[in-house]
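Peer 1: For the record, the sequence lines run as chains X and S. In terms of this note's numbering, the first sequence is residues 126 to 358. In terms of this note's numbering, the second sequence is residues 5 to 239.
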Amino acid sequence: MQNRYLCFMKFGWQVLNFVWLELKLEFRLKYAIAGLLMFVLSTVYLVYFSLEYQGVRGDLLPTIWSIFFWLIVLFTTVNATFQSFSKLSQGKMLLYYTLVSPQVFIAAKLIVNALVSLILSLLTGLIFIFILGNPSQQFAVLLLSLSIGTMGYSLLFTYISAIASKSGGNASLAVVLGFPLALPLLSIIVKLFGESFNPSLSLNFDNNLWIALGFNFIPLLLALILFPYIWRD
Amino acid sequence: MERFLKQFWWKIIGIGLLMFAIVSGLWIPLYQGVEGLSFPNLPILNESIRNLLFHVPMWFSMVFLLLLSFIYSIAYLGTPDRMKDNYAVGFAQVGVLFGALGIFTGMVWAKSTWGAFWTNDPKLNGAAIGMLIYFAYLILRSSVEDEMKRGKLAASYNIFAFNIYIAFIFVIPRLTDSLHPGNGGNPAFSSYDLDNTLRLFFYPASLGWIALSMWISSIWIRYNFLTQEYEEYED
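This is the structure in structure tokens:
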């Protein structure tokens with residue numbers, strides 16, 4: 126019993142160390158994060174211009190707000206998770222391979238990617254609110270659904286990116302593989318997100334929240350189980 | 005499994021059941037107030053109730069084939085072997101074919117009962133997304149050259165995708181509103197929804213379609229295997 130507990134502690138400690146290392150690397154390579162921020166800023170500006178020239182920015186519907194928002198968040202998440210694998214060189218992979226177990230590696234990747242995409246999507250939300258206005262009537266619901274949705278995407282796309290980068294493909298392969306799988310979560314998250322535009326919650330809110338959490342949990346579990354099989358070449 | 009797929013008896017029985025279900029399904033009249041063998045005459049469904057013997061069993065066969073593909077993918081990750089990979093991809097491909105057939109028969113049915121070929125129904129969305137997921141699986145396979153690598157990556161994607169897909173088509177429609185029977189408070193295959201005469205033909209039809217789908221996939225898998233062998237022989 127004690128042994129198992131120690132094992133678990135050791136696993137947790139390794140994961141934490143690895144997460145710390147990855148975060149340091151992520152923020153040392155400033156061009157990666159800066160590139161993603163540039164992507165977000167320019168796409169938001171594209172949305173802003175297209176709405177402005179159509180003359181609909183003033184009475185922007187919340188639905189359109191949420192459509193643009195989730196499209197941008199989806200693509201940002203895909204880019205962020207894919208580059209976390211694609212920038213690993215063969216030699217670095219070999220180093221990790223000798224240092225840690227695959228579970229530690231993927232767990233750390235999942236956590237780091239979830240954190241990075243959460244920060245990015247919060248920033249996206251902030252920029253959206255600044256530029257396009259804040260249509261939500263329940264801000265807490267907006268934040269909650271945003272964080273659950275983004276976490277779900279990043280967990281899903283972390284594993285998909287691992288597959289895509291192993292297959293030697295580019296980011297578009299990650300998009301092709303991941304988007305059909307992201308649609309179930311998206312269909313729920315858009316519902317949850319839409320609730321924040323209403324003055325009160327609907328009866329289905331709890332149900333949808335649990336389903337969304339379930340869709341966070343499935344990729345997490347499957348990634349931990351399946352990654353050891355694909356990480357060796 | 006290999007031995008089972010080569011045996012004849014289940015193919016004969018399956019085709020027999022299917023012939024029985026199709027012929028009688030098109031031949032038996034709807035209930036007109038006369039005693040005797042008849043299908044229920046329901047207000048909106050009318051004659052289209054016969055589609056129950058085609059549309060629903062096709063979905064059953066699709067889910068069955070995808071389940072087999074999933075099992076072979078797990079087996080492949082356990083001990084990699086080319087034949088298991090062949091089985092996994094063959095079942096998935098024929099599963100997609102049956103999914104497409106299910107969509108077409110369902111669209112015909114939806115047009116006559118709901119008034120449109122496509123509605124925003126959780127099950128329809130699930131069907132469309134399922135097709136997309138398995139197309140992505142096939143794209144992944146075609147994008148990797150190395151055989152071992154392709155098998156491993158495709159198997160792990162298949163396992164990953166199947167779990168999410170099953171959660172999507174079996175859990176969500178039960179929790180939200182749907183036009184399909186058995187969802188959002190609509191009655192499922194219960195005694196007053198599916199009557200006994202129809203049931204007499206529905207179960208054989210399901211078994212028959214599943215047997216047919218297995219037969220088609222066994223031929224398809226063998227064809228693929230022989231093509232591979234021939235190509236290697238030529239090289």
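We treat Cβ as the ideally placed atom computed from N, Cα and C, and that holds for glycine. Model, not experiment: these values are computed from the prediction.
What are the start and end residues of the alpha helix (DSSP H) that includes Gly293/X?
Peer 2: Taking the first residue of the first sequence as position 1, residue 293/X is located at position 168. From DSSP, Gly293/X is part of no alpha helix (DSSP H); its letter is neither H nor E.
Peer 1: Taking the alpha-carbon positions, what's the Phe108/S to Ala159/S distance?
Peer 2: Taking the second sequence and counting its residues from 1, the one referred to as residue 108/S is at position 104. Taking the second sequence and counting its residues from 1, the one referred to as residue 159/S is at position 155. When rounded, the distance between both Cα atoms is 28 angstroms.
Peer 1: Could you please tell me which residues of the stretch 112–132 of chain S, in chain order, have their CB closer than 7 angstroms to any CB of chain X?
Peer 2: So the list reads Asn129, given in the order they occur along the chain.
Peer 1: When you check each C-beta in the stretch 154–171 of chain S against every C-beta of chain X, which residues fall closer than 7 angstroms?
Peer 2: Those residues of the stretch 154–171 of chain S that come within reach of chain X (Cβ to Cβ, closer than 7 angstroms) are Lys156, Leu157, Ser160, Tyr161, Ile163, Phe164, Ala165, Asn167, Ile168 and Ala171.
Peer 1: Which of the residues in the stretch 60–80 of chain S, read from start to end, lie with their CB under 9 angstroms from any CB of chain X?
Peer 2: Answer set for the stretch 60–80 of chain S: empty.
Peer 1: Go to Glu151/S, then tell me how far its alpha helix (DSSP H) extends in each direction, as first and last residue.
Peer 2: Counting from one through the second sequence, the residue named residue 151/S turns up at place 147. Unbroken alpha helix (DSSP H) run through Glu151/S: Glu151 to Ile170.
Peer 1: Looking at C-alpha atoms only, which residue of Thr117/S, Asn162/S and Phe43/S is the closest neighbour of Gly94/S?
Peer 2: Counting from 1 along the second sequence, the entry for residue 94/S is found at position 90. The shortest C-alpha separation from Gly94/S is found at Asn162/S.
Peer 1: For Pro324/X, does the count of other Cβ atoms within 10 angstroms reach 16, so buried, or fall short, so exposed?
Peer 2: Numbered from 1 along the first sequence, position 199 holds the residue referred to as residue 324/X. Exposed is the call here.
Peer 1: If you run the structure through DSSP and keep just helix, strand and coil, what is Leu185/X?
Peer 2: The residue labelled residue 185/X in the question sits at position 60 within the first sequence. If DSSP states are grouped into helix, strand and coil, Leu185/X belongs with coil.
Peer 1: Can you list, in chain order, the residues of the stretch 140–152 of chain S whose Cβ is nearer than 7 angstroms to any Cβ on chain X?
Peer 2: The stretch 140–152 of chain S vs chain X, Cβ under 7 angstroms: Ala140, Ile143, Leu144, Ser147 and Val148.
Peer 1: Please confirm if Leu101/S has its CB atom under 8 angstroms from at least one CB of chain X.
Peer 2: Locating residue 101/S in the second sequence gives position 97, counting from the first residue. False, the Cβ-Cβ gap to chain X never drops below 8 angstroms.
Peer 1: What residue range does the alpha helix (DSSP H) around Asp331/X cover?
Peer 2: As a first step, residue 331/X is located in the first sequence; it is residue number 206 there, counting from the start. Residues Phe330 to Ile355.
Peer 1: Thinking C-alpha only, which one of Asn142/X, Asn204/X, Ala157/X and Leu310/X is nearest Ile236/X?
Peer 2: In the first sequence, the residue the question calls residue 236/X occupies position 111. Residue Asn142/X is the option with its Cα nearest to Ile236/X.
Peer 1: Give the residues of chain S in contact with Val301/X, contact being defined as C-beta atoms less than 7 angstroms apart.
Peer 2: On the first sequence, residue 301/X is found 176 positions in, with the first residue counted as 1. Those are Ala140 and Ile143, listed as they occur along chain S.
Peer 1: For the 8 angstroms Cβ check, are there 3 or more pairs between the stretch 304–311 of chain X and the stretch 131–144 of chain S?
Peer 2: The stretch 304–311 of chain X, when compared against the stretch 131–144 of chain S, does touch it at the 8 angstroms Cβ threshold.
Peer 1: Run through the DSSP bridge pairs and tell me what Pro34/S is partnered with.
Peer 2: Your numbering for residue 34/S matches position 30 in the second sequence. According to the sequence shown, residue 34/S is Leu rather than Pro. DSSP, once it has assigned bridges, lists Phe43/S as partnering Leu34/S.
Peer 1: In its own chain, which residues sit with a C-beta less than 8 angstroms from the C-beta of Ser292/X, not counting the 5 before and 5 after it?
Peer 2: Position 167 of the first sequence holds residue 292/X. The answer, listed in chain order, is Leu298.
Peer 1: Using three-state DSSP, classify Leu146/X as helix, strand or coil.
Peer 2: Taking the first sequence and counting its residues from 1, the one referred to as residue 146/X is at position 21. In this structure, Leu146/X counts as helix in the three-state DSSP scheme.
Peer 1: Just confirm the distance between the C-beta atoms of Phe340/X and Pro309/X, as a whole number of angstroms; I'd bet it's less than 8 angstroms.
Peer 2: Here residue 340/X refers to the residue found at position 215 when the first sequence is read from its first residue. Here residue 309/X refers to the residue found at position 184 when the first sequence is read from its first residue. Confirmed, about 6 angstroms.
Peer 1: Could you pull out every residue in the same chain whose Cβ sits closer than 7 angstroms to the Cβ of Leu144/S, ignoring the five residues on either side in sequence?
Peer 2: Taking the first residue of the second sequence as 1, we reach residue 144/S at position 140. So the list reads Leu157, Ala158 and Tyr161, once near-sequence residues are dropped.
Peer 1: Could you compute how far the alpha carbon of Tyr76/S sits from the alpha carbon of Asp85/S?
Peer 2: Start at 1 with the first residue of the second sequence, and residue 76/S comes out as number 72. Start at 1 with the first residue of the second sequence, and residue 85/S comes out as number 81. Going from the Cα of Tyr76/S to the Cα of Asp85/S covers about 10 angstroms.
Peer 1: Between which two residues does the alpha helix (DSSP H) carrying Lys217/X extend?
Peer 2: On the first sequence, position 92 is the one that residue 217/X refers to. Where Lys217/X is concerned, the enclosing alpha helix (DSSP H) stretches over Gln215 to Leu224.
Peer 1: Quick one: list the residues of chain X neighbouring Leu216/S, beta-carbon separation under 9 angstroms, in chain order.
Peer 2: Within the second sequence, numbered from 1, the residue matching residue 216/S stands at position 212. The contacting residues do not exist; Leu216/S stays about 27 angstroms from chain X at best.
Peer 1: For Pro187/X, which residues from the same chain have a beta carbon less than 8 angstroms from its beta carbon, with the 5 sequence-adjacent residues on both sides left out?
Peer 2: Taking the first sequence and counting its residues from 1, the one referred to as residue 187/X is at position 62. The residues are Pro260, Ser261, Gly319 and Phe322.
Peer 1: For Phe194/X, does the three-state DSSP call read helix, strand or coil?
Peer 2: In the first sequence, counting from the first residue as 1, residue 194/X sits at position 69. Of the three classes helix, strand and coil, the one that applies to Phe194/X here is helix, per DSSP.
Peer 1: Quick one: give me the first and last residue of the alpha helix (DSSP H) that Asn238/X is part of.
Peer 2: On the first sequence, residue 238/X is found 113 positions in, with the first residue counted as 1. From DSSP, the alpha helix (DSSP H) with Asn238/X extends over Pro227 to Leu257.
Peer 1: In this structure, how does DSSP classify Leu144/S when only helix, strand and coil are distinguished?
Peer 2: Counting from 1 along the second sequence, the entry for residue 144/S is found at position 140. Here Leu144/S sits in helix by DSSP.
Peer 1: If you reduce the DSSP assignment to three classes, tell me which class Gly119/S lands in.
Peer 2: Counting from 1 along the second sequence, the entry for residue 119/S is found at position 115. In the structure shown, Gly119/S sits in coil (DSSP, three-state: anything other than H, G, I, E or B).
Peer 1: Please compile the residues from chain S whose C-beta is within a distance smaller than 7 angstroms of the C-beta of Pro305/X.
Peer 2: The residue given as residue 305/X occupies position 180 in the first sequence. What Pro305/X touches in chain S: Ile133, Leu136, Ile137 and Ala140.
Peer 1: Kindly indicate the opening and closing residues of the alpha helix (DSSP H) around Ile75/S.
Peer 2: Taking the second sequence and counting its residues from 1, one reaches residue 75/S at position 71. Element bounds for Ile75/S: His59 to Gly82.
Peer 1: Could you tell me if Gln36/S is buried or exposed, where buried requires 16 or more neighbouring beta carbons within 10 angstroms of its beta carbon?
Peer 2: The residue labelled residue 36/S in the question sits at position 32 within the second sequence. Counting Cβ neighbours within 10 Å, Gln36/S comes out exposed, since fewer than 16 surround it.
Peer 1: Please report the straight-line C-alpha distance between Leu220/X and Met5/S, rounded to a whole angstrom.
Peer 2: Taking the first sequence and counting its residues from 1, the one referred to as residue 220/X is at position 95. Taking the second sequence and counting its residues from 1, the one referred to as residue 5/S is at position 1. Going by the C-alpha atoms only, they are around 42 angstroms apart.
Peer 1: Put Phe24/S into one of helix, strand or coil per three-state DSSP.
Peer 2: The residue given as residue 24/S occupies position 20 in the second sequence. If DSSP states are grouped into helix, strand and coil, Phe24/S belongs with the helices.
Peer 1: How would you list, in chain order, the residues of chain S whose beta-carbon sits under 7 angstroms from the beta-carbon of Ile252/X?
Peer 2: As a first step, residue 252/X is located in the first sequence; it is residue number 127 there, counting from the start. The contacting residues do not exist; Ile252/X stays about 30 angstroms from chain S at best.
Peer 1: Contact criterion: CB-CB distance below 8 angstroms. Does Ile107/S meet it with respect to chain X?
Peer 2: Numbered from 1 along the second sequence, position 103 holds the residue referred to as residue 107/S. Answer no: the Cβ-Cβ gap between Ile107/S and chain X never drops below 8 angstroms.
Peer 1: Can you list the residues of chain S that Tyr354/X reaches, using a CB-CB cut of under 7 angstroms?
Peer 2: The residue you call residue 354/X lines up with position 229 of the first sequence. Those within 7 angstroms of Tyr354/X in chain S are Leu81, Lys156 and Ser160.
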